[in-house]
Amino acid sequence: MLENMVKEIVYFAAIFIAILSFVLIGTCKYNSVFAQGDKVQASIVYGASSLTDTAYSPNPIEASINQTVVWTNDDFTFHTVTSGSAGAADAGKAFDSGLASPTALSSQGKTFEHTFNTPGEYPYFCTLHPAMVGTVIVT
Ligand SMILES: [Cu+2]
Numbered sequence: 236m237l238e239n240m241v242k243e244i245v246y247f248a249a250i251f252i253a254i255l256s257f258v259l260i261g262t263c264k265y266n267s268v269f270a271q272g273d274k275v276q277a278s279i280v281y282g283a284s285s286l287t288d289t290a291y292s293p294n295p296i297e298a299s300i301n302q303t304v305v306w307t308n309d310d311f312t313f314h315t316v317t318s319g320s321a322g323a324a325d326a327g328k329a330f331d332s333g334l335a336s337p338t339a340l341s342s343q344g345k346t347f348e349h350t351f352n353t354p355g356e357y358p359y360f361c362t363l364h365p366a367m368v369g370t371v372i373v374t
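In terms of the working numbering, the sequence shown is residues 236 to 374.
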């Protein structure tokens with residue numbers, strides 16, 4: 236009788252531990268995949284040509300190290316996502332959707348993405364409408 240009870244307790248404890256570890260492992264796997272695969276979505280908003288620091292949304296864009304930011308052109312005209320500031324010598328050196336490259340945001344729905352591997356603040360602008368400015372903050 237007592238032996239049976241002990242067997243039952245051990246049996247249920249084993250099932251409980253199995254379920255618990257299954258859930259924990261599943262959660263960890265899900266979190267790590269989610270963190271790596273998760274891209275930060277940003278938009279070039281409708282009517283962006285006449286906007287300044289609200290042309291890119293959200294602004295600033297917050298990203299984690301090694302995370303990819305995806306900009307979608309939700310406007311009806313050509314724009315760029317170009318690192319630095321207008322007229323600066325290093326403009327476009329870190330990243331640039333460009334005017335002629337396959338990543339050019341030439342029409343509505345086009346996307347440009349860049350992965351940020353180093354923490355810092357990255358200002359960027361549109362070469363076609365230099366008043367359009369934004370910042371990516373990588374932590
Ligand atoms: Cu523009």
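Glycine included, every Cβ here is placed at the ideal spot set by N, Cα and C.
Residue i and residue j closer than 8 Å at C-beta
{"i": "ASP288", "j": "VAL368", "result": "yes"}
{"i": "THR346", "j": "TRP306", "result": "yes"}
{"i": "ALA324", "j": "ILE296", "result": "no"}
{"i": "THR315", "j": "GLY344", "result": "no"}
{"i": "THR312", "j": "SER336", "result": "no"}
Heavy atom of ligand 1 within 7 Å of residue i beta-carbon
{"i": "SER292", "result": "no"}
{"i": "ALA283", "result": "yes"}
{"i": "LEU363", "result": "yes"}
{"i": "HIS349", "result": "no"}
Neighbourhood of residue i by C-beta distance below 8 Å, restricted to the same chain and skipping five residues each side
{"i": "VAL280", "result": "LEU286, THR289, ALA290, TYR291, SER292, ASP309 and ASP310"}
{"i": "GLY261", "result": "Legend: pLDDT at GLY261 = 47, less than 50; position of this residue unreliable, no value from coordinates given."}
{"i": "LEU340", "result": "ILE279, TRP306, ASN308, PHE313, HIS314, THR315, VAL316, SER332, THR346 and PHE347"}
Nonlocal neighbours in the same chain, by C-beta distance under 7 Å from residue i, ignoring five residues either side
{"i": "GLY327", "result": "THR317, SER318 and GLY319"}
{"i": "ASN294", "result": "ASP288, GLY369 and THR370"}
{"i": "PRO365", "result": "ALA321"}
{"i": "LYS356", "result": "With the sequence shown as reference, residue 356 is identified as Glu, and Lys is not the correct amino acid for it. Counting only Cβ-Cβ distances below 7 Å, and skipping sequence neighbours, we find THR370 and ILE372."}
{"i": "GLY282", "result": "ASP310"}
Same chain only: Cβ atoms within 6 Å of residue i, ignoring 5 sequence neighbours per side
{"i": "PRO358", "result": "SER320 and THR370"}
{"i": "LYS274", "result": "THR303 and VAL305"}
* To do: Decide yes or no for the touch test of the stretch 345-355 against the stretch 299-316: beta carbon pairs closer than 8 Å, at least 3 of them.
  => yes
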